[in-house]
Amino acid sequence: MDTVDVLLVVGRVLAVFVLLLVVTIINVWLERKILADMQSRIGPDRAGPWGILQTVADGLKLFFKEQVTPRKVEYGIYLLAPFLAVIPAFLIFMVVPFGAPITIAGREVPLQGADLNIGVLFVLAMSSLAVYAVVLAGWSSGSKYPLLGGVRATAQAISYEAAMGLAIVAVVVFASTQAGGGTLSLAELVERQRGTYDQVFPALAPVARFIPRWNVLPQLVAFVIFFIAIVAETNRAPFDLVEAEQELVGGFHTEYSGMRFAMFFLAEYVNIFSMSAIAATLFLGGWDGPTWQGSAPAFVSAVLPTIWFLIKTYALVLVFFWIRATLPRLRYDQLMQLGWKRLIPAALVWLMVSTAVIGIRQFGLPWSQ
Amino acid sequence: MGFLSELWKGLRVTGRTAGRTIFGDGLVTTKYPEEMREKPQRFHGRHVLNRYPDGMEKCIGCELCAGACPARCIYVRGADNPEGAPVSPGERFGYVYEINMLRCIFCGLCVEACPTEAITMTHLFEMSTTNRNDAVYTKAELLMGVDGTVPHMFPDDPLADHAELDTADGWLRATAPGGVAAYEGERSWQGTPGPARWDPEPDQATRDA
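Protein chains in written order, with our numbering: chain A, 2 to 370; chain B, 26 to 234.
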């Protein structure tokens, strides 16, 4: 571990940080623009070309605003909650590989904050930690509406985390049958989705060699469950009961203003992007895509994986926005029903079916031996 | 999973709308200060106090407009015309005439109530001020000049469009002068504030022929 190594690690972490900030600035603007398009409006168009600097303007405004602190807050926790929201949001993305490993100064550098061998568990842990921010913010505000938001967050997170975890388990089990055995590293999971399906079904090579070996095809059900769960996990419409403007003023962040509110806002949009990135990594092959190694310039081949990764992630982010523009908020009991009576049973059944098929493919039918 | 197909139905609606907005003519917003929408002919905008062609004020200070006003935003006080230098053709004239534009609901009942067509409405609606007192329009601001031009409150404003002040709302178009619908269109409101110039109505025999 010499200076170059340390610099590379710091550089990677900074790159992730800057990427997330820039992406958030774009995403807030993009969401407003897309919502506007879906409602026959123009959307923000005053700050900068096409209004793209709107987020910067809003951020500056929030930065200079007074931070009002109500008298009855539980002060320490009230101050802690916004940080508790932002830090896990950024940490989640640290384990996501956002490009193929590149070579700098003779060293192989993975484009990833940190390649944890328990990456998937880390993602689950951080996404549950983010819920504490909402719960603690709601409780420490000492006000009824934030409290209601916090209580809802507790119930919602528990019901959807289970479905999310089960959907991931199906993917992990599926990946464990491939060469190299089981893994929880996201970089390794991306590596295993490279290639096309003619490696699996040589007989169907004429067709299968055009179909990438992404998990979304064999694990389509898990993908749908996972996506619904991450929409709920990030408290986005139609699962935004936590902030429910029409009933709860602002929900958990009612009593927050200025930069403290901005941190919740930032965390929400970072979470959307990180969760979409994780969905893209687990199911859509991450940065996998044609790079034309050799025939294209080396620079292009090095950058293309990152571009594929961003395209896949943004495709999912757009679905987030699309769903928000379309669906009304679920009622509390509907939310619980969808979570416990639909998604978790569906995830369990799918886990069993998927595991059974994998087992039969690997070991044959139990009575055939 | 029936809810997925319902979800898809909804997504198609928003997706189609987005497509129409981006690629088609779905956009309904007009960028207001840059592009103005054309106002309807009978748009109810700012009031104006008219004069006769000879420069006399039409207002006779009868306060019928103030009585008709549901928002109670008009304040009128009449006074006897000065001996030898009458302001209006009648006995009295509007000595004080104020309209509080913050209270006005632009219903046009004052215009209907006015027996001499002294008060009419124009197409001007940009009247925002930074001071509540400025929203109370006095007689000096409402009354047109002797030449028939109406003073603009904010002549230096980039949005100031003087043509709007020269367009009357034309509520009389719908009915005849006597209020009888059968006579509709026979004598139309001239569409501009200021001296009314129109030909006398034909007699009954000519009209029926």
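Ideal Cβ positions, reconstructed from N, Cα and C, are used throughout, including at glycine.
Just so you know, these numbers come straight off a predicted model, no measurement behind them.
If the five residues before and after Ile53/A are omitted, its C-beta is found closer than 7 Å to the C-beta atoms of Trp30, all from its own chain and listed in chain order.
When the five nearest sequence neighbours on each side are left out, the beta carbons in the same chain lying within less than 7 Å of the beta carbon of Lys313/A are those of Ala281, Leu285, in order along the chain. The C-alpha of Lys62/A is placed about 34 Å away from the C-alpha of Gly100/A.
Short of 7 Å from the beta carbon of Ala96/B, and not among the five residues preceding or following it, lie these beta carbons of its own chain, in chain order: Arg128, Cys129, Ile130. Selection Gln68/A, Leu218/A, Ser302/A, Thr327/A evaluated against Pro239/A yields Thr327/A as nearest (Cα-Cα). Your pair Ala154/A and Phe253/A checks out as a contact, with CB atoms roughly 7 Å apart and the cut at 8 Å.
Judged by their CB atoms, Leu117/A and Leu242/A are not nearer to each other than the 8 Å cut-off. The beta carbon of Ser41/A sits closer than 8 Å to some beta carbon of chain B.
Where Arg325/A is concerned, the enclosing alpha helix (DSSP H) starts and stops at 299 to 327. In this structure, Val96/A places its C-beta atom within 8 Å of the C-beta atom of Val124/A. Take Met126/B, set aside five residues on each side of it, and the residues of its chain with a beta-carbon closer than 8 Å to its own are Arg71, Cys98, Met152, Ala160, Val161, Tyr162, in chain order. For a cut-off of 8 Å, the C-beta gap from Val191/A to Asp289/A is around 6 Å, short enough to register as a contact. Contact annotation: in the region 33 to 59 of chain B, residues whose CB is within less than 8 Å of a CB in chain A are Gly35, Leu36, Val38, Thr39, Gly40, Thr42, Ala43, Arg45, Thr46, Ile47, Gly51, Leu52, Val53, Thr54, Lys56. Residues of the region 307 to 332 of chain A with a C-beta less than 8 Å from any C-beta of chain B: Trp323, Ile324, Ala326, Thr327, Leu328, listed in chain order.
Fully enclosed beta strand (DSSP E) runs of no fewer than 3 residues are not present anywhere in the region 330 to 362 of chain A.
For Asn272/A, the three-state secondary structure derived from DSSP is helix. Per DSSP, reduced to three states, the secondary structure at Ile35/A is helical. Membership of His187/B in the alpha helix (DSSP H) is indicated by the continuous run 187 to 190. Closest in alpha carbon position to Arg67/B, among Pro180/B, Phe150/B, Thr42/B, is Phe150/B. In the structure shown, Thr46/B adopts helical secondary structure according to DSSP, grouped into three states. Proximity of the region 160 to 178 of chain A to the region 266 to 275 of chain A falls short of the contact definition, fewer than three beta-carbon pairs being nearer than 8 Å. Residue environment analysis places Asn216/A among the buried positions, since at least 16 neighbouring C-beta atoms fall within 10 angstroms of its C-beta. Around the C-beta of Gln229/B, fewer than 16 other C-beta atoms lie within 10 Å, and the residue is accordingly described as exposed. Cα atoms of Ile212/A and Leu221/A: separation of roughly 14 Å, rounded to the nearest angstrom.
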